[in-house]
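So the structure is just underneath, and the comments pick up after that.
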Amino acid sequence: MGESHMSIDSRISRRKFVKAALGTTALFAIVPRRVLGGPGYVSPSDEITKAVIGVGGMGHWHLTEPGARLVAVCDVDDEHLQSALNVGGKDVVAYHDFRELLERRDIDVVHIATPPHWHALISIAAARAGKDIWCEKPMTRTIAEGQKVVESVRQYGRIFRINTWFRFEDVFYGFGTTVRPIKKLVDSGLLGWPLTVTVGAATGFEWKEYWTGKTDAKAEWIPACLDYNMWLGPAPYKPYTAHRVHGTFRGYWDYDGGGLGDMAQHYLDPVQYVLGKDDTSPVLVEVDADQQHPDAVGVWRTITLTYADGCQIVLPGTASPVEPNVPFIEGPKGKLFKGFRSDIPNLKEKLRDFPEPAAQVTDFYAAVKSRTKFALNEENGHRSATLVNIAKIAWQLGRSLKFDPVSQRFVGDDAANRLANPPMRAPWHL
Amino acid sequence: MKETRRGGRSAVQLTLALLLPLLLFAGCSATKSPADLPQRETRIQLDAILEHLPARDAAEQRWIGALLLDSAPESITRLCHALDTLAPGNDSRVRYALSGATAHATLPGHGSDRVKYAGALCAALGSMRTAAAMAFVIEQLQIAGGPESVETLGSVLADESMCGPAAMALVSIRTPETGARLLEAARSADGSRKATLVQALGEVKSQEAVVDLMAWAQGDDASLRQASTAALASIGDPRSIDLIKEPSLQLVYARRLGEQQHVSLSEQICRSILSSVAGSAEPHLRCAALRLLADMLGERALNDIVTAAQDANGEVRACALDIAAGMTGEGVTERWVSLVKQPDPGMRAGVVRMLGQRDDPSAVPAVYNALSDPDPSVRIAAVAAASHLGAANTVDSILVLLERTERPDEIAAVRDALRPLPLTQSVPAAVRVLQSAMPPARVMLLQFLSEGGSLVHPRDILPFTRDATAPVRLAAIKTLENVAGPDDTAELVRLLMEDRDEGEWSAIQRSIVTVTARNPDPGKRADALLAALDGAEGAARTRLIRTIGRVGGTKAVATLSRGIAGKDPAIKDASIRALAEAPGIEGFDPLLAVARGKYPLPTRALALRGCLRMVNEAGLPPVRSVPLLGKVLAASERHEEKRLALASLGKAGSREALHIISGYLRDEAVGLDAALAIRTMAAGGEEERPATLSRDDLVRVFIEKNASPKVLAQLKEYDVARSDKNVPPEGFVALFNGKNLAGWKGLVADPPARAKMTPAERAKAQAAADSLMRRQWTVDDGVLMFNGDGFANLCTAKDYANFELLVDWKIEKEGDSGIYLRGSPQAQIWDPVVGPEGSGGLYNNQKNPRTPLRKADKPAGQWNTFRIRMIGERVTVYLNNVLVTDNVVLENYWEREKSMYPTGQIELQAHNSPLYFRNIFIRELPAEREKFSGPLFNGMDLAGWEPVGGSTPWSVKDGVLFAEGGGGGWISTVKQFDNFMLDLEFRVPEGGNSGVFLRTPREGDPAYVGMEIQVLDDYAPVYANLRPWQYAGSVYGVQAPSARASKKAGEWQHMVIVADGPHVAVTLNGQRIVDTNLISHMELEQTHPGIKRRGGYIGLQNHSTRIEYRNVRLTEY
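Taken in order, these protein sequences are the chains called A and B. Using this note's numbering, the first residue of the first sequence is number 769, and each one after it goes up by one. Using this note's numbering, the first residue of the second sequence is number 255, and each one after it goes up by one.
Following this line, the structure appears as structure tokens:
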């Protein structure tokens, strides 16, 4: 017969696991002071230390991203942790609970690569612990979460970036050029104003329709390596199925928002930058789609986001046929197509007479050292996440919504506002 | 466009029809009805509505929503009860219906619908029994509930499992009564439910809860203390000030106090944080306190900010300046301007940068002053600030800096300030300062101007091509290349005539070539150069001639030919060299004439190479290029040129080329090159090969027939020398030997189709497939190649189960391939331009991830390396050493309903594009462990068993494994077992107690970290009052036995335990008393983590009494 219920600490093995890892590395692990602080700015040679929280799929990318020394990893799945330790080497310490990791004073930066329903809580806790933050996209899954992250990062004076980058580097997904010449073109006024930007298959962007949830999933056995309760964290308790977690979680509203959740901030952040909308939001969002299941995310036909000045962002989804000749940007004076083709004759020649866009801060760790805002930070990142988060609510409710970009609340729609700020499952709260 | 019916629903429909025979009266007022839906004012069945879900668009959704709400509360009650009864996974349409109703009821302006709907949900909630269904209904109330729902939700708070969802719903609804209901429930709750309610009280900022919360915040329960303190912080009542000690909670508290006009209290907390941690290293807390002060006090916090801006800690300084940048108020700018004079340059720079971020023009003079600060970091900050403030004469003021500095960072700062300005402003300003700028700055300005398009006039740049400093001259020449037009060629030619170094001349040449190419008339491109030739002498003339060659055109060729024919040896030589560099094919004949002429060998070789280059670059069809190449080959004397010509002929590929090449197959010096050229021809695309010759003919037959024995020997040696490319690393074997297709076969149909074939059919199909394989797949130079035609995959002759595969692959533009694993598609390979997500994903997956984690491809045309591990049905792929697929299940493409085949061939997918593979190595991984079956206990000793913990009370006698009391402990198997049938006998004395542990680790209590099957004297009086799940045969604490099957103490009893995945069954003395699925007990997972373990040790427990086991046998599944 077993002893007593009360004497069992279900996490005993995990704690031992962490302790054992600490034991083997105690000689090397602790840097006795924080890199930042002290008189004067930090010299560039000073090393930054980082931890990665969430080391499943994308987390692995963060482990090896150069620029800082990896000292700790955290995951609620022991198999993920073990594989991260294999990559990270012997000096890396493994944690099961991010709160224990954040208590360490010798960590400067945390990378957050958990599913999105954890992004806000961990970002906020990291800010309160004085860490700088490199967070995966989408930044948050609700507007309230985003506002709280902005507030916390601002209050605690942290440096924050979202892990998408097209606004400052790399070919813009399938568009065919970087974003820089697009920004230059829009700023030049050659296309006129207002502009309509179409982000879909015809203009080079893929909406990953396979991130859909299962509406008929049966409960399954929780794997021993996974702390499912902690994986769920602030999300409502739902019976476990393997499809809810890890590679396929994006198909469920509780954690993300399907192909839109996965890709929209990636694709729309540069659009927001190009349109000069980094400090505002649309006033109207319309969605054409089948009715959505309350748990499992589906696909859509068209999402339209309209700004107060008439600029529009149109997202043709995978549920609608591809119209091949849609311009990426359409204005009253001209159009820009995928691959930087245009109906404006000699566009490249004409553009030579316009200035280049302003320089951006594109080295995150340099921004950390100099305490400079990164190009894609909590403020503009929150605004681009808002594009996704208001669209998700209109999509779920099956109706058009008006939005006030200043108060960041829906106009005259109580249910939409509740969805924008849902309470979390205790003990988690914003 | 709409379909009238969607198929595949009949089963669910039936279920619902049985459950929901309700007739609804639809008198709805919604908009137009979709044609195939029940019409208004007709009697409809609820299941007829459900059949239409999910709605196909907003209009249909509204129509259905209106129908449901018009028939509320009956329809809503029915739906809730249906949800309560249906098995999870079969209830999705009911969920669509309810969430659709929620959306409809909350439509703005539909207040009465909402009240009716929420009321119906509340009414239904009272009679529901299933936790998951109730949670769903409460979730709907979280969105649609209002004051009418508070009472019901409040009563649900008492329910342990519904308390959390109900509290969340109440927080969302948030009426004045919410706090009171939460508080009432919290007072009578305990444990985690109390903590949940306390948190909710904090979220609704319940003032009435403060007194209770303060008591709980000082209680014994740590988690309640923590939750209460956090709640008090967010409520922000002044009475709780002494209870909130943790700084980040203090900050939450202070912010809330400030919001409630307790500003001075809030200020006091902020200042105490500022001062208490000033000495220690918690800069972020000081930043936060400072930010809060500034937010609350505005300009009144200026002194704090100014002090912090001079703090010893850089992070605090940066925060202070960031706050200052956004702080408005009269006199604020003035105060900061006064700080520009402080002695520390780092701090000065910070203030100046910040002044730039404030949109206050009164800072302009200070910023301009800072432009001439002695410290460069201040000047750099001033440049950024001045350009932000953007006053009228900004550009010139900033550019003035370039007259004094040679520092790269300062110059770069000026460049960054220049870039975003309108070019109409920045270009003239940059031109104005060019003359006076320091040389490194001049270089930057010239580079900036090279992007300035038509606004830059070449005449402004020209003088700097004669600058005293070499880098400036070079930068000016490069700028001219970008901004000059054909009309400026004469100027550039003049530069070429001047005395310069080689680097500048060649830069000028490049500029001339670029600029003249802008002339739309190719015939006139060389005119300016030709005109200059008349007066030019000596070295200048030579340079001109060389440049003329690179510009090219008919006139240029004519001039060069005259030069070659002339007497002057220097001109002659220069003309030959120039012609050898000329673009186009016009110069071929005169150049070939040189090659055949009476010139020194090096000159003739130079000419030949020029001829070859011309042909190769001209992109001529073989019918034109091959004769020219033939002439070059004939004129070649040295092996080097012959080799090059042969290689070009191999690439050209035509019967005529083959004919020419074969003439050299017996040549000892270049015979090998001829053979290789023929191989190249074979490797080329269909259009590049003689149409009537198959690849097989070319490589196998043609060379073997025509080459001399000596050449064939050379060829063999050559292949051997290169075969080391396909030498496997340690532990691997090569699938591809680098020489031929041994070990491979052609593809016959797909796995299910193959399985259906008779051996004879299969042999016949295999022969045909092998023949096709030999036509389309070839080996050259250690590389396995596919000709790009069709879809005939190359398959390993053997099947593989678990393995690690290494393979190098290369594709061409828009190429597509993949590695089929166990005969199934596939680890994807494609041109990253076509598939921007990259290669290495399991492309045909539908349920599991199909895209790679990141793109790790090299561009088409370069070699890539895959490392693929497949164990069971899971696949891991590294592409160029980057993890792109992480242990993902590969789905069975051929038979979707089945899981992956256990074994199968590996295939290189042919996808209608040319492919290249090499270094294909495999390492088979051990098959899954041998399943154990037999006795676990040998009847003689403790072999195979180990006691856990210190004491070892276990021993063996007469074939019995026993423990004589010994307190609490256990003995464990040495090996671990996952899924098995365990068959044993046990005997307990009166009051005896033991247990069989399953899947347990060795640390922790096995009854909880693993599982225990109870072994007990059920009849002992001492155990009279146990719970059902504590009696013999129970899964202890999880599943009670269905009957009491135990014998009396002192008798041997027979127990069979089956643990197979989540399925656990216990048969005691022939009676099956437990048969359960652990999944249905997952709610216990928090306290009993062992129920989700997949494997571990088997153990026998010893307590205070004697316990005996014998005949312990195990069969592993």
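Heads up, the beta-carbon is just placed ideally off N, CA and C, and yes, glycines get one too. All of these numbers come straight from a predicted model, not from anything done at the bench.
- For Q1307(B), the uninterrupted beta strand (DSSP E) run begins and ends at Q1307 to D1314, by DSSP.
- A direct Cα-to-Cα measurement between A730(B) and L716(B) gives close to 7 angstroms.
- Beta-bridge partners of N1356(B) (DSSP): G1223(B).
- The alpha-carbon of A636(B) is positioned some 10 angstroms away from that of M608(B).
- Following the DSSP letters along the chain, one finds F1045(B) in no alpha helix (DSSP H), marked with neither H nor E.
- Counting of Cβ neighbours within 10 angstroms places D1181(A) among the buried residues, the total reaching 16 or more.
- Take L831(A), set aside five residues on each side of it, and the residues of its chain with a beta-carbon closer than 8 angstroms to its own are V820, V823, L838, V841, A852, V855 and G856, in chain order.
- Scanning chain A for C-beta atoms nearer than 7 angstroms to the C-beta of A326(B) yields nothing, as the closest lies near 17 angstroms away.
- By the rule that beta-carbons nearer than 8 angstroms mark a contact, A894(A) does not touch chain B.
- Residues of the stretch 615-628 of chain B with a C-beta less than 9 angstroms from any C-beta of chain A: none at all.
- At a cut-off of 8 angstroms, the C-beta of Y1170(B) has no neighbouring C-beta in chain A.
- Sixteen is the threshold: when 16 or more other Cβ atoms of the shown chains lie within 10 Å of the Cβ of M601(B), as they do, the residue is buried.
- In the three-state DSSP reduction, L1338(B) falls in the helix class (H, G or I).
- Straight across, the Cα-Cα distance linking D995(A) with C903(A) is about 22 angstroms.
- Contact of Q1128(A) with chain B is not assigned, every C-beta pair being separated by 8 angstroms or more.
- Distance between H1014(A) and H848(A), taken at the CA atoms: about 10 angstroms.
- Judged by DSSP secondary structure, Y863(A) falls within the beta strand (DSSP E) whose first and last residues are V861 to Y863.
- Under the DSSP assignment, K951(A) falls in the alpha helix (DSSP H) whose first and last residues are R948 to S956.
- Of all residues in the stretch 993-1023 of chain B, none comes within less than 8 angstroms of chain A when Cβ atoms are compared.
- The straight-line gap separating the alpha-carbon atoms of S426(B) and P1190(A) is approximately 7 angstroms.
- When DSSP states are grouped into helix, strand and coil, A819(A) belongs to the strand group.
- Secondary structure note for H1165(B): it is in no beta strand (DSSP E), with a DSSP letter that is neither H nor E.
- Shortest Cα-Cα distance from R1120(A) to any of Q504(B), G1072(B), S704(B) and W998(B) involves S704(B).
- Close partners of N1134(B) in chain A (Cβ separation under 7 angstroms) are lacking, with about 13 angstroms as the shortest Cβ gap.
- At a beta-carbon threshold of 9 angstroms, the residues of chain B lying near G1180(A) are P362 and G363, ordered along the chain.
- Those residues of the stretch 974-988 of chain A placed with their C-beta closer than 7 angstroms to a C-beta in chain B are Y978, T983, D984, A985, K986, A987 and E988, ordered along the chain.
- Per DSSP, H1061(A) lies in no alpha helix (DSSP H) and is assigned neither H nor E.
- The alpha-carbon separation between P876(B) and V869(B) amounts to approximately 10 angstroms.
- About 20 angstroms separates the beta carbon of V1037(B) from that of R897(B), a gap too long to meet the 8 angstroms contact definition.
- Going by DSSP, K1118(A) is part of the alpha helix (DSSP H) stretching over L1115 to L1119.
- Assigned with DSSP and collapsed to three states, H711(B) falls in coil, not helix or strand.
- In this structure, A487(B) sits away from L467(B), with a CB-CB distance that is not shorter than 8 angstroms.
- By the beta-carbon neighbour count (other beta carbons within 10 angstroms, threshold 16), H893(B) is exposed.
- Boundaries of the alpha helix (DSSP H) harbouring A572(B): G568 to A579, taken from the DSSP string.
- If you draw a straight line from the Cα of R686(B) to the Cα of G873(B), it is about 48 angstroms long.
- Membership of P694(B) in the alpha helix (DSSP H) is indicated by the continuous run P693 to L703.
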